[in-house]
Amino acid sequence: MPDYNVIKLTAAPDVEQLACWDVVIVGAGPAGLAAGLTTAHRGLTTLVVEAKNEPGGQPHFLYPDKVIADIPGFPEGVSGEELARRQYQQAVDALVQFRFEEELVAIDDVQTKERELKRVVTNRGSYLCRRVILACGLLHFPRRLPVLEDVDSPCVQYRLPRDRDLKGMHVLIVGGGDSALDAALMVLGRGGQVELLVRKPQLAGRQEALDRVRAAGGTVRTSTEITAAQAEGDQLRVTLTGGRECVVPLVIVQIGYLAGRETFERLGLRLQEDGGVAVDQYYETSRPGIFAVGDVHGDIKLVPVAWADGIQAAIYAFKEITSPYWLNEKRLHDQRLALLQEKLALIDKHAGGKPDHTA
Ligand SMILES: Cc1cc2nc3c(=O)[nH]c(=O)nc-3n(C[C@H](O)[C@H](O)[C@H](O)COP(=O)(O)OP(=O)(O)OC[C@H]3O[C@@H](n4cnc5c(N)ncnc54)[C@H](O)[C@@H]3O)c2cc1C
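In the numbering used here, the protein residues as written are -9 to 349.
Here it is, written out as structure tokens:
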């Protein structure tokens, strides 16, 4: 038995007239798009706000050319670009509404006579809603390379420039993780020549990807860093460890990403040790009514995992909106159980580590 009836909205909600959305989702990456599709399929009015000017998240912005091999249902693989396009189209068809170039600033609690609501404040406006799903990834801001910080040149990029012809071009890629190897493969796939600069003696990325980079003609230099750089016409002159100099048209830096810790702290959310947002088993954060899904909290950072998170949180949000008593009872039960466990742990502690639950 399905847990819901698909309610097909026949027309997009009149956004101007809508006083309150059922669900506002922050981020149009895999997790946010999956959550939006799920709530919209259940007849909830759903708005997605996205900081960038296009949907798709990491697959679209960070590895559009990469053929992703581990997505169930795509035996030939699917490019990041195509996957993002399909997911967005499906959400649009389900009448999910989108606001691009809107970045989350705050989430306020709003108490009305009938119920508690949330107000999602962005840099451009605000939206009243019943539930919020945070799906804004952990990888929003690329980590900068200090030696290139003051170099004002389009030759320095933090992701592969889209639609740029790289045939025969000498491209330096900085980094030794999976993202750097993926960037190297994409450059090689577009006919560029890759020199991968890795600070450490060994790479952290997948051996299989490294083998493919080498097989495609890429050069890997371990224990090598950029020690100095300066713009020279429309190129960049860089000095490497050991003093070697070269002039290149493009350097792509892929040394990881900064977490959105500041944003999450501002929202008053409890965080995990790794900086991700802490959630309970229903994907709800420490602030009731705000869920968090995908890379924003997850240990396993993969598209299908982000989908699964988004879908589950969307269903819990749907259940809370439509039949709160069911979930509340279960939650009360869970809370009681957690309290009991806490008490037992305390008793153990006072008994000097010798558990005795017979009393
Ligand atoms: C190079 C690379 C290769 C990868 N390869 C694979 C692979 O082969 N297979 C696989 O399964 N996974 C792969 N992954 C991981 C996968 O892409 C992520 O796990 C997945 O994208 C997480 O989805 P998400 O929706 O949680 O976050 P994201 O994809 O990061 O999407 C978050 C969205 O939220 C937006 N956002 C962020 N902050 C705000 C804000 N404050 N306000 C509004 N919007 C905001 C962002 O702009 C973004 O569009 C790879 C990742 C990288 C970096």
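Where is the CB? At the ideal position from N, CA and C, for every residue including glycine.
Please find out if some non-hydrogen atom of ligand 1 comes closer than 8 Å to the beta-carbon of residue i.
i           : result
residue 80  : no
residue 214 : no
residue 151 : no
residue 330 : no
residue 127 : yes
residue 48  : yes
residue 253 : yes
residue 148 : no
residue 250 : yes
residue 233 : no
residue 51  : yes
residue 28  : no
residue 292 : yes
residue 301 : no
residue 58  : yes
residue 283 : yes
residue 363 : This structure does not reach residue 363, given that the chain is present from -9 up to 349, and the question cannot be answered.
residue 69  : no
residue 98  : no
residue 286 : yes
residue 65  : no
residue 94  : yes
residue 188 : no
residue 169 : yes
residue 172 : yes
residue 295 : yes
residue 45  : yes
residue 22  : yes
residue 352 : Since the first residue of the chain shown is -9 and the last is 349, residue 352 is not available in this structure.
residue 280 : no
residue 61  : yes
residue 14  : no
residue 275 : no
residue 36  : no
residue 18  : yes
residue 362 : Any property of residue 362 remains undetermined from this structure, which presents the chain solely from -9 to 349.
residue 111 : no
residue 184 : no
residue 210 : no
Tell whether a beta-carbon distance below 9 Å holds between residue i and residue j.
i           : j           : result
residue 161 : residue 241 : yes
residue 179 : residue 206 : yes
residue 296 : residue 285 : yes
residue 351 : residue 304 : Residue 351 falls outside the range modelled here, since the chain spans only -9 to 349, and no answer is possible.
residue 283 : residue 124 : yes
residue 272 : residue 287 : no
residue 81  : residue 21  : no
residue 214 : residue 193 : no
residue 188 : residue 165 : yes
residue 106 : residue 279 : yes
residue 26  : residue 84  : yes
residue 49  : residue 238 : no
residue 277 : residue 12  : no
residue 247 : residue 131 : yes
residue 68  : residue 23  : no
residue 91  : residue 41  : yes
residue 289 : residue 265 : no
residue 216 : residue 334 : no
How close, in whole Å, do the beta carbons of residue i and residue j come, if the pair is a contact with beta carbons under 8 Å?
i           : j           : result
residue 94  : residue 119 : That pair is no contact at about 13 Å.
residue 109 : residue 310 : Between residue 310 and residue 109 the Cβ distance is about 18 Å, and since that is not below 8 Å, they are no contact.
residue 142 : residue 221 : 7 Å
residue 169 : residue 244 : 4 Å
residue 300 : residue 28  : 7 Å
residue 203 : residue 174 : 5 Å
Cβ contact (3+ pairs, closer than 8 Å) linking the stretch 7 to 21 and the stretch 30 to 48: Yes, since at least three Cβ pairs between the stretch 7 to 21 and the stretch 30 to 48 fall closer than 8 Å, the two stretches touch.
Segment contact flag, the stretch 52 to 68 with the stretch 155 to 164, C-beta cutoff 8 Å, min 3 pairs: No: fewer than three Cβ pairs fall under 8 Å.
Meets three-Cβ-pair contact criterion under 8 Å: the stretch 248 to 257 and the stretch 141 to 148: Contact fails between the stretch 248 to 257 and the stretch 141 to 148, because fewer than three Cβ pairs, one in each stretch, are under 8 Å apart.
Inter-stretch contact at 8 Å, needing at least 3 Cβ pairs: the stretch 221 to 233 / the stretch 190 to 206: The stretch 221 to 233 vs the stretch 190 to 206: no contact.
Inter-stretch contact at 8 Å, needing at least 3 Cβ pairs: the stretch 44 to 53 / the stretch 66 to 83: Touching, yes.
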